[in-house]
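Visitor: The opening residue of the sequence shown carries number 759 in this note's numbering; numbering runs sequentially from there.
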Amino acid sequence: MQRRDFFKQAGGTSLALGTATFGVKTVRASTEYKWKMVTAWPKNFPGMGTGANRLAELIGELSGGRIRVKVYGAEELVPPFEVFDAVAQGTAEMGHSSASYWKGKNEITQFFTAVPFGMTAQERNGWLYYGGGLELWTELYAGFGLVPAPAGNTGVQMGGWFNKEIKSVADLAGLKMRIPGLGGEVLKRAGGTPVILPGGELFVSLQSGAIDATEWAGPYNDLAFGLQKAAKYYYYPGFHEPGSSLEAIINKTTFEALPADLQSIVLNACKVVNQDLLAEYTARNPVALKVLLEKHGVDMRPYPDDVIAKLHRLTKEVVSELAEQDAFSRKVYTSYRKFLRQSKKWTSISELAYLQARNLG
């Protein structure tokens, strides 16, 4: 009774009671942490937005209610491109976004989302979890007062939606395209104009002619935005994002104030959602593509070979120049390149060889 009275008196605004049930046992938790999560995605947007919701729910469930996370979609608390600063400054304890949006903080952040013609989702997860990638990401974000964690992957994306045909490299000249990250720099060197826009503005911008083309993710998300109503041509493959990591970012001071078990719960919840979202995109993209092609009659086309070859050459320039900016960039580039080289050898005789064999049937 005395112990119970102590907890009640100590509760106030900083201490609350929570319970977690395991079988027939009830474990009482002394402190309840209330977090806000801000995201770069429209509220409840399929995949990205619902993945953030899932992450918040999972943290609550695994912690037995000791951490309760309230999710705010883009513009509900902060604009989508202010997620990084909001979490770093403590406006929110957590965020869900894409590291490619933060090139203004440090251009090497883009390596932690995707590299054009780089690693697939499986290879990227291998690098992050077992190849030193996550350690480098953590080192980079520590300087901003943040803790990063992979929290989703879209898999290979589509090339994007275009209101004019791309028949040759010449058609990229003057093309205004929404495309962030390293892919945007590659397009710029090919003569195009990369434009940075949040997802919620894509449809209107494309329909109005403010941009000529846009990439987003793939059929699942593109159908949700109705992009087939705003553009005629749908190109593939997504050379710019062959396996795009989504990120969870956590305020470092807030994270380090958690007990060790809750720190582990938060990071492992991110890992679960990282795998789960990739599975969701793998399942939903083929279904959505069928709808786009058969119901909406979308004109889907591959990029011409000369366009792919040109973009590949320009990617080598962009990535190698970025690597030479400073010692840390070289460190990330060296780690990434080493892992990609060894992965390519294995992927060629495993995934690629198998898919080629399967397509013969």
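Note that beta-carbon positions come from the ideal geometry of N, C-alpha and C, so glycine has one too. Remember, it's a predicted structure, so these values are computed and weren't measured experimentally.
Along the chain, where does the beta strand (DSSP E) containing residue 1004 start, and where does it finish?
Guide: The count along the sequence shown starts at 1 and reaches residue 1004 at position 246. Its beta strand (DSSP E) spans residues 1003-1009.
Visitor: What number of angstroms, rounded off, separates the C-alpha of residue 780 from the C-alpha of residue 899?
Guide: Counting from 1 along the sequence shown, the entry for residue 780 is found at position 22. Counting from 1 along the sequence shown, the entry for residue 899 is found at position 141. In this prediction, residue 780 has a pLDDT of 37, which is less than 50 and means its spatial position is unreliable; what the coordinates show is noted afterwards. Rounded to the nearest angstrom, the two C-alpha atoms are 35 angstroms apart.
Visitor: DSSP puts residue 793 in a beta bridge; with which residues?
Guide: Here the question's residue 793 lines up with position 35 in the sequence shown. Answer is 827, bridged to residue 793.
Visitor: For the segment 966-974 against the segment 930-943, are there 3 or more C-beta pairs whose distance is under 8 angstroms?
Guide: Taking 8 angstroms as the limit for Cβ pairs, the verdict is that the segment 930-943 does touch the segment 966-974.
Visitor: Mind pulling the beta strand (DSSP E) runs of 3 or more residues that sit fully within the segment 971-1035?
Guide: With a minimum length of 3 residues, the continuous beta strand (DSSP E) runs that stay inside the segment 971-1035 are 991-994, 1003-1009.
Visitor: Could you spell out where the beta strand (DSSP E) holding residue 934 opens and where it closes?
Guide: Start at 1 with the first residue of the sequence shown, and residue 934 comes out as number 176. Taken as a continuous stretch (DSSP letters only), the beta strand (DSSP E) holding residue 934 covers 934-936.
Visitor: What is the rounded straight-line gap between the Cα of residue 1101 and the Cα of residue 881?
Guide: As a working mapping, residue 1101 is identified with position 343 in the sequence shown. As a working mapping, residue 881 is identified with position 123 in the sequence shown. Near 7 angstroms, if we compare the C-alpha coordinates of residue 881 and residue 1101.
Visitor: Go ahead and label residue 1107 buried or exposed: buried means 16 or more other beta carbons lie within 10 angstroms of its beta carbon, across all protein chains shown.
Guide: Counting from 1 along the sequence shown, the entry for residue 1107 is found at position 349. Residue 1107 comes out exposed.
Visitor: With DSSP as the reference, label residue 848 as helix, strand or coil.
Guide: Within the sequence shown, the letter at position 90 stands for residue 848. It is coil, neither helix nor strand.
Visitor: Using 8 angstroms as the threshold, is the C-beta distance between residue 795 and residue 836 below it?
Guide: The residue labelled residue 795 in the question sits at position 37 within the sequence shown. The residue labelled residue 836 in the question sits at position 78 within the sequence shown. The answer is no: Cβ separation not under 8 angstroms.
Visitor: Hey, would you say residue 1082 sits closer than 8 angstroms to residue 947, going by beta carbons?
Guide: Counting from 1 along the sequence shown, the entry for residue 1082 is found at position 324. Counting from 1 along the sequence shown, the entry for residue 947 is found at position 189. Against a cut-off of 8 angstroms, the Cβ pair of residue 947 and residue 1082 comes out as no contact.
Visitor: Pop quiz: residue 857 and residue 1005 are said to be a contact at Cβ under 8 angstroms. What is the actual Cβ separation, rounded to whole angstroms?
Guide: For this step, residue 857 is matched to residue 99 along the sequence shown. For this step, residue 1005 is matched to residue 247 along the sequence shown. That pair is a contact at about 5 angstroms.
Visitor: Confirm, please, whether the CB-CB distance from residue 891 to residue 1000 is below 8 angstroms.
Guide: By one-based count along the sequence shown, residue 1000 stands at place 242. By one-based count along the sequence shown, residue 891 stands at place 133. No, Cβ-Cβ distance for residue 1000 and residue 891 is not below 8 angstroms.
Visitor: Measure how close the beta-carbons of residue 872 and residue 838 come, nearest whole angstrom, since I'm counting them as under 8 angstroms.
Guide: Within the sequence shown, numbered from 1, the residue matching residue 872 stands at position 114. Within the sequence shown, numbered from 1, the residue matching residue 838 stands at position 80. Rounded, the Cβ-Cβ distance is 18 angstroms, inconsistent with contact.
Visitor: Starting from the N-terminal side, write out each stretch of the beta strand (DSSP E) that is 3 residues or longer and does not extend beyond the segment 866-926.
Guide: List check, beta strand (DSSP E) in window: 904-911, 918-920.
Visitor: Assess, as a yes-or-no matter, whether the segment 906-925 is touched by the segment 1030-1045 under the definition of 3 or more beta carbon pairs within less than 8 angstroms.
Guide: With the cut-off at 8 angstroms, the segment 1030-1045 and the segment 906-925 touch.
Visitor: Per DSSP, residue 1057 forms a beta bridge with which residues?
Guide: Residue 1057 sits at position 299 when you count from the first residue of the sequence shown. Partner(s): 991.
Visitor: How far does the alpha helix (DSSP H) with residue 953 in it reach, from first residue to last?
Guide: Residue mapping note: residue 953 aligns to position 195 of the sequence shown, counting from 1. First-last for residue 953: 951-953, but that is the beta strand (DSSP E), not the alpha helix (DSSP H).
Visitor: Excluding the 5 residues preceding and the 5 following residue 964 in the sequence, name in chain order all residues of the same chain whose CB lies nearer than 6 angstroms to its CB.
Guide: Here residue 964 is taken as the residue at index 206 of the sequence shown, counted from 1. So the list reads 972, 988, 989, once near-sequence residues are dropped.
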